[in-house]
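Engineer: Got a structure for you, written out below as structure tokens; questions coming shortly.
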Amino acid sequence: MLAKALIFSVWGHLLLATSSALLSTVASFVGPYLIDYFVRYLSGDRQFENQGYLLVLAFILSNLVEGFCNRCESFILQQVHIRLRASLVSVIYQKGLTLSSRSRQCRTSGEIINYINIDAPRVSSFSYHMLHLSSVPVNVILALLILYPQMGLASLIGLTATFIVMLINVPIAKLEQNYTEKIMESKDRRMKATTEILRNMRILKLQAWEMKFLSKIMELRKNEISWLWKIAYVSAAAIFLVSCSSIFVAVVAFGACILLRIPLGTGKVLTALATFRTLQNPIFAIPKTISMLVQTKVSLDRISSFLCLEDLQPNVVEKLPRCSSEVAIEVSNGNFMWDPSSKTPTLKDLNFQVLKGTRVAVCGTVGSGKSSLLSCILGEVTRISGTVKLCGTTAYVSQSPWIQSGSIRDNIIFGKEMDIDKYDRVLEACSLKKDLEIMPKGDQTVIGERGINLSGGQKQRVQIARAIYHDADIYMFDDPFSAVDAHTGSHLFKVIRDGRIVQAGKYNEIINSGIEFMELVGSHMDALAAHNMIKHTSNNSSDIIQGGPSASKSSAPVPQQAELKDTENCPSDEVRLRGQLVQEEERETGKVGFQIYWRYITMAYKGALVPLILFSQILFQVLEICSNYWMALESPLSDDLEPPVSGSMLISVYVALAVGSAACILIRTLLIVIVGYKTATMLFNKMHACIFRAPISFFDSTPTGRILNRASTDQRGVDMYIPFQIGSFSFSIINLLGIILVMSQVAWPVLIIFIPVVATCIWYQQYYISTARELSRLIGVCRAPVIQHFAESMSGSISVRSFGQEKEFVNTNYNLINDLSRLQFHSTGAMQWLCFRLDMLSSLTFAFSLIFLISMPEGVIDPGIAGLAVTYGLSLNMIQTWVIWSLCSLENGIISVERILQYTNIPSEPPLVIDESRPDHIWPSKGEIDLLNLQIYGLDMPFILRVSVALFLEVKRLELLEELAVASPPLYRQ
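Structure, rendered in structure tokens:
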């Protein structure tokens, strides 16, 4: 169903692309069809005047039509890719916002990020290969129409060999599908672990556990690599089979001609070779297309299973208009379960009402269901029976603060319009003004990921300020003072109503004054006595106490921390916030340096296998040219002439050269796989080792999305694509040089025109690449915010829904996707701009060579060799464009290596063991902490703490460290 929906969403574009592809396919076979006539013309068989010029015109027009239609098809399909990717990412995001709690347990954050990072791009990129399979029958039919008049029954045998090659790919595709599924499962496990580790890196650093967890990542990667190796060898086998397919088909077809005693003239041989070379392109695409089809099916199944997960119950909470009732919250006969498959309800038989203007506290032991009760009211827990009614809007403060990356102001106003008077009252009510005064940029200070550069109390107060600013009818607080000291907590409580101070005084005075604070605290004692009366499945309690005039007073002692000096609220020169912690993502500019390429190709085995790969390709090219020369030279110009060699000798030499070519392809492909995966493993290990040894300040200033982007998207490029991109570029250059060599051997003036054409191509490439390079880097930079926003939205989805901000968050997701898609569209347009001009230049070279050939007097040039030159010239357009295309794709792809190498050069912590600084073996003998002239600061940032002399004795170490943690989080982290 998902596949059909995606196809229907872009059917208009696909129709245009199909029309362009069909016209291009027809134009590509015009050249092979005309070669026999061209050879006859050069040999003196001229039927009418100006026949040669008409042949040249037909060659050139078909070449231009083919190039233009190819560009149209490619541009349209790339637009389809962009549209499909944007659609999938937005649908996955919206689904993530509505997942039920049970569904969230079925999918980890790493898996969901992989849906956006890997699966969605993989499905959308299949648009490039979508028309390949459908074009194969058209190519076969056109090839048959050309070959049958020339070779008769042998042409059918040759096409049968083509189908055999296609069928061989079926079991290979099945293997590839199985391996792809295993790879994706391995990636999901690795990304899940990576995400969890990065989000808790501070704890790992404090416990010195980072190397232990790094070894866990390496074990997961080792399992992933084992499957990557398997799929690499399967892909290598597919590439080998298809690369040899044209040779195999030619051997079968020519062998059939010998056995059937069908005469092989030069024109027939060259027509067959040109047809097989043209047919080779769609056949070459078969394994890649099948591979992409298999991978796309796996990704589609993964995304479909995610989209079919259970959503939150619709209308589980009945929302009433603001003034329709005096009851703010009403739960009647409520039975709720986190897991509907469980036999025991989480909360049962809930019946209570909360009137407007009242304050209700829910008290109970740990795990008694207090947070679950709030989740039931918010509609986050599956309702088995009963009703839940809310009158008016809601605001929610979670127990664990949820803070977005962005400015403090944006976190507080949270999509609402700015009201400066209300905003100032909210800051005062939440005790945030003094904090903002000591921040370099005030409320415009950018908060790090999950509020990493705020203390726990500051994060909680920002979250409370968000709720107050929302001006809701119902406020729900889940342990709002969990991270706030008693002094700040009492301040927050006394001023929280209407943003104005309604009660002032010391803590004891407030407790004994008989007003709201005393009522709430005093009610807690009654709640503890009555908690066993409430039914709860865990035999604990969740009590609902409605504060009122009859609440008893409490003489509870003042917590010791309440008498501490609140250093968070003291604006002094000695305590400074860290300021603008989150930095813009580093982005290289200018040309990708040669050292990046050199480091990549020499990383594995110090580059020792690279010369062997190049030698294999050169030898393959030489053997292929020799085999074609052999067939052109040793075949008679017409059927009436005696062949220079016997048929058995002709085919035996051709088969020997073909076997040598196939062996070169096999060696080349295996070496690329070995070098590529060895390099990918070394880059992965080095990057992760540097990340895990980075100081904690790196994680404070670097959002997790940036690291995950490199660990998933960039690493995937290094694993799967870059080795073959480098190989494709180098092989294309060797192939292009071979074509120029063959054409120049016949029409030497081609070199004269080829030199300025190449210079113009290089100029165009340099003009283009400066734009494409920066676009590619910007795409990498703009991809991280999409992931970051997605991860934040998933972790804070309850808050997003409780504030009714789903639409605003979806619009933000749209905007981020649009920013990324806009860059991708410009990159696509720039690529087609370049390719169109290269097509025109290659057509110019081909036209010049054809005009030269027909202008030479009869007998000066061997017609067979001239026909061979034309045969190679027919692919000049494609090869010349492919050289530049592969170069640009390589430079765009190598940016992934550049981004990974960036993270191999980040600052590192000191070594884990420094022999000359190791303490005595009896250390520590006492539990004392002695601080002398300690100064704490961030790199290029002001001091945040200075301690001249401090001695914490063994007896008081726990108490003092607890107080110290409240007073100075930076010192605690030390």
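Counting with mature numbering (1 follows the signal peptide of the UniProt record, and there is no 0), you get residues -21 to -1, 1 to 953 for the letters of the sequence shown.
We put the beta carbon where it would ideally sit given N, CA and C, even for glycine.
Spatial neighbours of Thr325 within its chain, please: CB distance less than 6 Å, with the 5 preceding and 5 following residues excluded, ordered by chain position.
Structural biologist: Phe315, Met316, Trp317, Ser351, listed in sequence order.
Engineer: If you follow the alpha helix (DSSP H) that Arg200 is in, where does it begin and where does it stop?
Structural biologist: It spans 189 to 222 - the alpha helix (DSSP H) in which Arg200 sits, taken as one unbroken run.
Engineer: Mind checking who Asp414 pairs with in its DSSP beta bridge?
Structural biologist: Beta-bridge pairing links Asp414 to no other residue.
Engineer: For Ala611, is the classification buried or exposed, using 16 other Cβ atoms within 10 angstroms of its Cβ as the cut-off for buried?
Structural biologist: Per the 10 Å Cβ criterion, buried.
Engineer: DSSP state of Ile893, grouped into three classes?
Structural biologist: Looking at Ile893 - three-state DSSP - the assignment turns out to be coil, as it is neither helix nor strand.
Engineer: Relative to the alpha-carbon of Asp679, which residue among Tyr12, Glu155, Leu177 has its alpha-carbon at the smallest distance?
Structural biologist: Considering only alpha carbons, the answer is Leu177.
Engineer: Alpha carbon to alpha carbon, how far is Ser606 from Ala845? Give it in angstroms, no decimals.
Structural biologist: Near 16 Å, if we compare the C-alpha coordinates of Ser606 and Ala845.
Engineer: Would you identify the three-state DSSP class for Gly526, choosing helix, strand or coil?
Structural biologist: Only weak support exists for where Gly526 lies, its pLDDT of 38 falling under 50; the value from the coordinates is given anyway. Gly526: coil per DSSP, three-state reduction.
Engineer: Which first and last residues belong to the alpha helix (DSSP H) in which Asp328 is found?
Structural biologist: Where Asp328 is concerned, there is no enclosing alpha helix (DSSP H), although the beta strand (DSSP E) it sits in stretches over 326 to 334.
Engineer: From this set, Leu(-16), Asn93, Tyr375, which residue's C-alpha is nearest Ser66's C-alpha?
Structural biologist: Checking every option, the nearest Cα to that of Ser66 belongs to Leu(-16).
Engineer: Measuring alpha carbon to alpha carbon, tell me which of Thr139, Lys905, Ile447 ends up nearest Ile391.
Structural biologist: Minimum Cα distance to Ile391 is reached at Ile447.
Engineer: Output yes or no for whether 9 Å exceeds the beta carbon distance between Ser821 and Asn856.
Structural biologist: For Ser821 and Asn856, yes; Cβs fall inside 9 Å.
Engineer: When you compare each of His900, Ala770, Ile830 to Ile71 by their alpha carbons, which one comes out closest?
Structural biologist: Checked all of His900, Ala770, Ile830; the closest Cα to Ile71 is Ala770.
Engineer: Per DSSP, Arg362 forms a beta bridge with which residues?
Structural biologist: Answer is Phe315, bridged to Arg362.
Engineer: Determine the DSSP secondary structure at Ala451, reduced to helix, strand or coil.
Structural biologist: If DSSP states are grouped into helix, strand and coil, Ala451 belongs with coil.
Engineer: Tell me the residue span of the alpha helix (DSSP H) that contains Leu799.
Structural biologist: Residues 785 to 834.
Engineer: Going by DSSP, which residues form a beta bridge with Ala751?
Structural biologist: Per DSSP, none; premise fails for Ala751.
Engineer: Run through DSSP, which three-state label would Thr883 get?
Structural biologist: Correct three-state label for Thr883: coil.
Engineer: Taking Cβ positions, are Asp452 and Gly371 nearer each other than 9 Å?
Structural biologist: Closer than 9 Å, so yes.
Engineer: Cutting at 6 Å between CB atoms, please list the residues of its own chain near Ala826, excluding the five before and the five after it.
Structural biologist: Answer for Ala826: Ile39, listed in chain order.
Engineer: Please determine, among Pro735, Met773, Asp398, Ser384, the residue with the shortest C-alpha to C-alpha distance to Pro682.
Structural biologist: Pro682 has its Cα closest to that of Ser384, out of Pro735, Met773, Asp398, Ser384.
Engineer: Would a C-beta distance cut-off of 9 Å place Tyr747 and Leu823 closer than the cut-off?
Structural biologist: For Tyr747 and Leu823, no; Cβs fall outside 9 Å.
Engineer: Do you know offhand how far Ile653's Cα is from Ala583's?
Structural biologist: Cα-Cα distance, rounded: 9 Å.
Engineer: By alpha-carbon positions, which one of Glu753, Gln596, Ile766 ends up nearest to Ile646?
Structural biologist: Looking at the Cα atoms, Gln596 is the closest of the given residues.
Engineer: Whose C-alpha, out of Gly10, Gly46, Cys48, is nearest the C-alpha of Leu33?
Structural biologist: Closest option to Leu33, Cα to Cα, is Gly10.
Engineer: DSSP on Glu553, reduced to helix/strand/coil?
Structural biologist: Per-residue confidence for Glu553 stands at a pLDDT of 35, beneath the threshold of 50, marking its modelled position as unreliable; the derived number appears in the next sentence. Of the three classes helix, strand and coil, the one that applies to Glu553 here is coil, per DSSP.
Engineer: Within this structure, are the beta carbons of Ser7 and Ser41 separated by less than 9 Å?
Structural biologist: Yes, these two residues count as a Cβ contact at 9 Å.
Engineer: Under the DSSP definition of a beta bridge, which residues are partnered with Ser386?
Structural biologist: Answer is Val425, bridged to Ser386.
Engineer: What residue range does the alpha helix (DSSP H) around Met139 cover?
Structural biologist: Before going on, a small fix: residue 139 reads as Thr here, not Met. Segment 132 to 178, the alpha helix (DSSP H) holding Thr139.
Engineer: By a C-beta neighbour count over all protein chains shown, 10 Å radius and 16 as the cutoff for buried, is Val441 buried or exposed?
Structural biologist: Buried, because 16 or more other Cβ atoms sit within 10 Å of the Cβ of Val441.
Engineer: Nearest-angstrom Cα distance between Ile95 and Ile766?
Structural biologist: Cα-Cα distance, rounded: 8 Å.
Engineer: May I have the straight-line CA-CA distance separating Ser311 from Phe331, to the nearest angstrom?
Structural biologist: Approximately 7 Å between the Cα atoms of the pair.
Engineer: Quick one: what does DSSP say Val367 is sitting in, helix, strand or coil?
Structural biologist: Val367: strand per DSSP, three-state reduction.
Engineer: Could you say which of Glu787, Glu837, Val376, Val862 lies nearest to Arg25 if we only look at CA atoms?
Structural biologist: Nearest option by C-alpha distance: Glu837.
Engineer: Here's the rule: buried if 16 or more other CB atoms are within 10 angstroms of the residue's CB, otherwise exposed. What is Trp206?
Structural biologist: Trp206 comes out buried.
Engineer: Just mark Glu396 as buried or exposed, buried being the case when its beta carbon has 16 or more other beta carbons within 10 Å.
Structural biologist: Label assigned to Glu396: exposed.
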